[in-house]
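Inspection log for the structure reproduced underneath, given as structure tokens.
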Amino acid sequence: PGPMAEIEFWRSRSAALSALYEQINMPKVQGMLTVLRRQEVSLYPTYMYNYSELSKLYAEAKDNVKFLNTLERHFKNIQHGDFLAILDTLP
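Offset between the sequence shown (1-based) and our numbering: plus 1150.
In structure tokens:
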């Protein structure tokens, strides 16, 4: 796989984590979590830990996509360009 595979991996991961993150932050879900917290359900701390981990992974994926997007043009030149285009891409 070439460098574009890395960009596609992080885009896919970001999209999947974004969908999950958005669903968890829906008002109905947040309402259910409020009930669990008030009732001191034993699974609530585990949920909060997993939510924290999800938030970190989602932030990482977004950051990586943002960074890799700045390199995409160069990656395409390396992967699909002729030798002169590749030479122009490299510093």
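All C-beta atoms, glycine included, are put in the ideal place defined by N, C-alpha and C.
Going by DSSP in three states, residue i sits in which element: helix, strand or coil?
i	result
ASP1238	helix
MET1198	helix
SER1192	coil
GLY1181	helix
MET1176	coil
PRO1153	helix
ASP1213	helix
For residue i, does the count of other Cβ atoms within 10 angstroms reach 16, so buried, or fall short, so exposed?
i	result
ALA1211	buried
SER1168	exposed
SER1192	exposed
SER1317	It is not possible to answer for residue 1317, since the shown part of the chain is limited to 1151 through 1241.
For residue i versus residue j, is the C-beta spacing smaller than 8 Å?
i	j	result
PRO1153	GLN1229	yes
LEU1204	TYR1171	yes
TYR1201	ILE1174	yes
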